[in-house]
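Asker: In the UniProt record's numbering, the protein residues as written are 1 to 320.
Here it is in structure tokens:
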């Protein structure tokens, strides 16, 4: 049965863990078999782990999981818990003295929402990995999207709640492409299907306004640099090399550019991982194009599925 989420991709499981009072959490993309992975970082304030390892020139060819987390740089600790879980399962790179699980990670800044003193840690990462399944991915206020927000060009008090979204598509050839994303952008989210801004900065009347138009009236932004980031994983059951997976990650950023304005700013640390589980032959151009499509859909899902939290309204709550 298809879920319409990234777990439709064969070999890909997803698990969440979160603190609903502190409004933070993490999401683990767990792989049933070691899989090829690439990464592309476009934002100027990233928080990442093991991304250098994914360079096509470097030794390790496959990964065992990817961890997306809130908590800013503190949240990178969640990946250690994922490693612990995988080691207990005997999954990892055999180094002759046991195994070393390869778990790249990226974090977003959610310290302005909820309790900033509580961040995803090793225990939360372990729990998320242990919960990973092929079930439909829980979206909105879940996992790494628990404290996500968007539209902060007018200051955080005028922002809106965002969250985590996922989407997938399946071709007659058997190729399956999926995405999962935690949307925590400084800009607004634009639905290319309707042509409407679905979440963004609000003016004094509570109306959603265009972030770029708002920037034109500002001498200096009211928020600190480095306090936003959209982090994502795109995955397919295609056969790819590390270099090809990196190219897919690059192309997938088009999905963010179609739906988030502005994107890749000095305020953002946008990072996309690309996973290939290696079953179906397909061109890089096709996989990259479809990855951008499903990622754009996942971004819209992240906003539409979000619920009000931390004093911030959601897209759905403003429409009700």
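For each residue, glycine too, the CB sits at the ideal point set by N, CA and C.
Could you spell out the range, first to last residue, of the beta strand (DSSP E) harbouring residue 9?
Answerer: Counting along the chain, residue 9 falls outside any beta strand (DSSP E), and DSSP gives it neither H nor E.
Asker: Mind checking residue 216: buried by the 16 CB within 10 Å criterion, or exposed?
Answerer: It is exposed - the Cβ of residue 216 has fewer than 16 other Cβ atoms within 10 Å.
Asker: Tell me the start and end of each unbroken alpha helix (DSSP H) in the segment 25-102 that is at least 4 residues and wholly inside, in chain order.
Answerer: Those alpha helix (DSSP H) runs which fall completely within the segment 25-102 and span 4+ residues are 78-88.
Asker: Residues bridged to residue 19 by DSSP?
Answerer: According to DSSP, which records beta bridges pairwise, residue 19 is partnered with 24.
Asker: Taking a contact to mean a Cβ-Cβ separation below 8 Å, would you say residue 26 touches residue 104 in this structure?
Answerer: Contact: no.
Asker: Could you check if residue 271 is buried or exposed, using at least 16 other CB atoms within 10 Å of its CB as the buried criterion?
Answerer: Its Cβ being crowded by 16 or more others within 10 Å, residue 271 is buried.
Asker: Would you kindly work out how many angstroms separate the C-alpha atoms of residue 355 and residue 189, rounded to a whole number?
Answerer: As shown, the chain starts at 1 and ends at 320. That puts residue 355 outside it, with no answer to give.
Asker: Beta carbon of residue 40, beta carbon of residue 242: below 8 Å?
Answerer: Contact flag unset, no.
Asker: Can you tell me whether residue 228 is helix, strand or coil according to DSSP?
Answerer: It is coil, neither helix nor strand.
Asker: With C-beta atoms as the reference, is residue 186 less than 8 Å away from residue 268?
Answerer: Yes, these two residues count as a Cβ contact at 8 Å.
Asker: Only counting runs of 3 or more residues, tell me where the beta strand (DSSP E) segments fall wholly within the segment 272-313, in order along the chain.
Answerer: Within the segment 272-313, no complete beta strand (DSSP E) run reaches 3 residues.
Asker: Helix, strand or coil: which one does DSSP assign to residue 254?
Answerer: Helix, per DSSP.
Asker: Report the three-state DSSP secondary structure of residue 160 (helix, strand or coil).
Answerer: Strand.
Asker: According to the Cβ coordinates, are residue 113 and residue 316 closer than 8 Å?
Answerer: Taking 8 Å as the Cβ cut-off, residue 113 and residue 316 do not qualify as a contacting pair.
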